[in-house]
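Encoded as structure tokens, the structure appears first; notes follow it.
2 protein chains.
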Amino acid sequence: MPGAPRGIDDLAAGPGVRSHRRVTMQQVAVEAGVSVSTVSKVINSRYGISAATAAHVNGVIERLGYETSLVARSLRNQRTNVIGVLVADFEPFSTEVLKGAADAIRDSGFELVAYSAGGRVDEHVGWERRYLSRLMGTLVDGAVLVTPTVTDVDSDGPVVAIDPHTGSTTIPTVTADNLQGARAGVRHLLQLGHTRIGMVTGRVDLVSAQLREQGFREALAEAGVAVDDSLVVPGAFEADVAREAARGLLGRPGRPTAVFAASDQMALAVLEVAAELGIRVPHELSVVGFDNIPESALSDPPLTTVQQPIREMGRDAVALLIELIEGAEPAELHRTLGTDLVLRRSTRALGGTPS
Amino acid sequence: MPGAPRGIDDLAAGPGVRSHRRVTMQQVAVEAGVSVSTVSKVINSRYGISAATAAHVNGVIERLGYETSLVARSLRNQRTNVIGVLVADFEPFSTEVLKGAADAIRDSGFELVAYSAGGRVDEHVGWERRYLSRLMGTLVDGAVLVTPTVTDVDSDGPVVAIDPHTGSTTIPTVTADNLQGARAGVRHLLQLGHTRIGMVTGRVDLVSAQLREQGFREALAEAGVAVDDSLVVPGAFEADVAREAARGLLGRPGRPTAVFAASDQMALAVLEVAAELGIRVPHELSVVGFDNIPESALSDPPLTTVQQPIREMGRDAVALLIELIEGAEPAELHRTLGTDLVLRRSTRALGGTPS
DNA sequence: GTGAAAGCGCTAACAC
DNA sequence: GTGTTAGCGCTTTCAC
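Taken in order, these protein sequences are the chains called A and B.
At position 123 of the first sequence the residue is numbered 123 (full-length UniProt numbering), and the sequence of numbers has no breaks.
At position 58 of the second sequence the residue is numbered 58 (full-length UniProt numbering), and the sequence of numbers has no breaks.
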């Protein structure tokens, strides 16, 4: 019984009838009086279509406001020309990465889609794996994993990790020179005469966090300063956690004269806590961060920090991923970008004269 | 066969041998010795499956690491349980929105995907329309448009706009009380004794920008202060443009004693230019922003600004969208959230004594 | 309880 | 040049 009021039926009733469902190629074909495959060929500029037909079909497409369904096309083709970026949450670091990724995507013919675990990372370690298998090969041609919670992803397509998990051996990575960076940051503190230096560490499962702590320890050892482990507190790369840690660190007697935080977000938290406790920065406390996120330049005082080229990392990761997707053999599968110490006003010589 | 950890390769014994492609339901079915439809029923917990079969199939799924293809499922079902957020670029405002959206998505059963035009908005006005028709009804069940470049979207599904384009009549919107907010900001300046007040305006095609300018003019009129149109300069909600505008505004003789910027990003740019020109803030220039993005609290001096609950706007937009998707009749289709003046240190009484 | 078969919207052989 | 046909991986009647 032809009782179903479906869009296609409407259209079959006569031209010009617009239903509320999305316009399909089928409808374009009927409306243009040609076959679906002809429409498909017109859309994809395949050979073997007369100019007149092409023009006519394009007219109908225009008139009906037709756009190809990404999903249907993806199911049919193995290629989708979409790159996915998987981030745990939208915060300053991942946002910078996203900007870099967007830079790299420009004029590449790819589109960019970001998936967020919504900050629920601790509850769902390994969420990337699930997302990856549901998307890869169908929705995206490849993916960039930002600070992933998993080591190896047995993915069905190219994957590049930014700031990878510890022990990632197989997947290509883009990362900053965390060891050198941390060393430089701590050396700076040492040169200013500080010896009682605290550290707020990052997410223990990330290579970057481990290397930053290692750099901290090495710089201290190099200067013949013994590490006081009670001054090394966990911050997990999260502002809240870092704030708590900073309270413990700064609220106690014999507090450090300087703090190295494994990320700017955490360094900013240290700054806040210092203000809260009436500890003047840099007069009574020097603080060095890591990342050089935009916010670090705007803090009071502006943060001395180890800059890593986050945006460039996003750009490189996507560029590398595209090479992989295109089947090229990239020269290097593990790219490490340099870090620089950015001197601002949150550090100062121990016992220095007031400015 | 002992010691074969590659489930997929084992399975490839039959027809359709393709080693590295994703695991399909078909493969699970073969491996489990059942039909595809049975596997589908197990996955979707449909009735009519024996506990034994379910357990067995689940075991195979586990072993093979199978995950359903989002694309294939989307093509078949009308529902995808995915919500899309379309942003022009990843910057502080849209990122805050994204965070709010992520909040709202939690435990809703929906997933969140962000699409970015990659900052190429000016080149591609109306990009949302294209994305929308390619995604809606297939990839996403609904979408949130952040500061869209288009008025009406003849979309095939629910759409909610945050900070909409001028003249949007049909689509539901979530927005802040821009008029009141701007009035409050400018009144604050007037109360401090300023009368020569400049303004850096926003993207002219956005309702928010227009209302902020209107609020500026109304507050001035209300105080009996004539608007000097040469003091109203376009900033387009972009830091670069605002910087240029600020240079013109502050570099000239007879510069204003106060500036109201239609966004924090632009206010921050004004701060930078002031520093560049050696104009001390707030001593020689008061600055009021709009948004209260995180960065505004960290500037030097911290920015006095009109706060709009960006994150909440993201949350509300998604909540509203979900109602729409679920077929509910939302009580209100246009939600306006309150704004508050946040007093920090970038404003000061005209001719006030040094602190 | 389970399987066979149709079909979502699209593309790519291959016919005509 | 253009149409016909066969699926991509999945869900869902409807038989058995």
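Idealized CB from N, CA, C, for every residue including glycine.
- Check the Cα spacing between S296 (chain A) and each of A:V270, A:G327, A:V57: the tightest is with A:V270.
- For E67 (chain B), the residues of chain A that pass the 8 Å Cβ criterion are R130, S133, R134, in the order they occur in the chain.
- Only P294, E295, L298, S299, D300, P301, P302 from the stretch 291 to 313 of chain B bring a Cβ to less than 8 Å from some Cβ of chain A.
- Under DSSP, L206 (chain A) shares a beta bridge with A:H165.
- Counting only residues of its own chain and dropping the five nearest sequence neighbours on each side, N81 (chain A) has a CB closer than 8 Å to the CB of G109, F110, E111, D141.
- Excluding five sequence positions before and after L337 (chain B), the CB atoms of its chain that fall closer than 8 Å to its own CB belong to V174, T175, A176, D177, Q308, P309, E312, M313, D316, given in chain order.
- Burial state of T305 (chain B) is buried, judged by a 10 Å Cβ sphere holding 16 or more other Cβ atoms.
- Per DSSP, the beta-bridge partners of F290 (chain B) are B:V306.
- Secondary structure at T336 (chain B): strand, using DSSP grouped into helix, strand and coil.
- Within the same chain, M136, G137 come within 6 Å of D156 (chain B) by CB-CB distance, once the 5 residues on both sides are set aside.
- Beta-bridge partners assigned by DSSP to T173 (chain A): A:A161, A:H334.
- In the DSSP assignment, V42 (chain A) falls within the alpha helix (DSSP H) that extends over 36 to 43.
- DSSP places Y131 (chain B) in the helix class (H, G or I) of the three-state scheme.
- Under the Cβ distance rule, A317 (chain A) does not count among the residues neighbouring chain B, no pair being separated by less than 9 Å.
- Across the structure, G48 (chain B) and I325 (chain B) are spaced so that their CA atoms are roughly 29 Å apart.
- In the DSSP assignment, I197 (chain B) forms a beta bridge with B:A258.
- Note that the C-beta distance between H188 (chain A) and L341 (chain A) is below 9 Å.
- The beta carbons of L139 (chain B) and S74 (chain B) sit about 6 Å from each other, so the pair counts as a contact at 8 Å.
- Listed by position along chain A, the residues whose Cβ is nearer than 7 Å to that of Y47 (chain B) form an empty set, because the closest Cβ is around 25 Å away.
- Inclusion of A182 (chain B) and L211 (chain B) in the CB contact set at 9 Å is warranted, their separation being smaller than that value.
- The residue among B:L206, B:G198, B:Q214, B:F237 with its C-alpha nearest the C-alpha of T257 (chain B) is B:G198.
- Only D156 from the stretch 156 to 172 of chain B bring a Cβ to less than 7 Å from some Cβ of chain A.
- Per the coordinates, the alpha-carbon of S208 (chain A) lies some 14 Å from the alpha-carbon of D264 (chain A).
- For K41 (chain A), none of the residues of chain B pass the 7 Å Cβ criterion, the least Cβ distance being about 19 Å.
- Taken in chain order, the whole alpha helix (DSSP H) runs of length 4 or more contained in the stretch 70 to 130 of chain A are 70 to 76, 92 to 105.
- Judged by beta-carbon spacing, A267 (chain A) lies within the 9 Å limit of V288 (chain A), meaning their Cβ atoms are closer than that value.
- Assigned with DSSP and collapsed to three states, L277 (chain B) falls in coil, not helix or strand.
- Within the model, the alpha-carbon separation for S37 (chain B) versus Y131 (chain A) is close to 23 Å.
- The residue from B:N44, B:G65, B:R348, B:P301 with its alpha-carbon nearest to that of E31 (chain B) is B:G65.
- With fewer than 16 other Cβ atoms from the protein chains shown falling within 10 Å of its own Cβ, D107 (chain B) counts as exposed.
- Below the 8 Å Cβ cutoff, chain B contributes F90, S116 as neighbours of L98 (chain A), in chain order.
- Cβ contact annotation for F93 (chain B) (same chain, cutoff 7 Å, sequence separation greater than five): D291, I293, I310, in chain order.
- Under the Cβ distance rule, E111 (chain A) counts among the residues neighbouring chain B, one pair being separated by less than 9 Å.
- Put simply, the backbone Cα of R46 (chain B) is about 53 Å away from that of R247 (chain A).
- Secondary structure note for V232 (chain B): it is in no alpha helix (DSSP H), and the uninterrupted beta strand (DSSP E) holding it is 232 to 234.
- Counting other Cβ atoms within 10 Å of its Cβ, H165 (chain B) reaches 16 or more and is therefore classed as buried.
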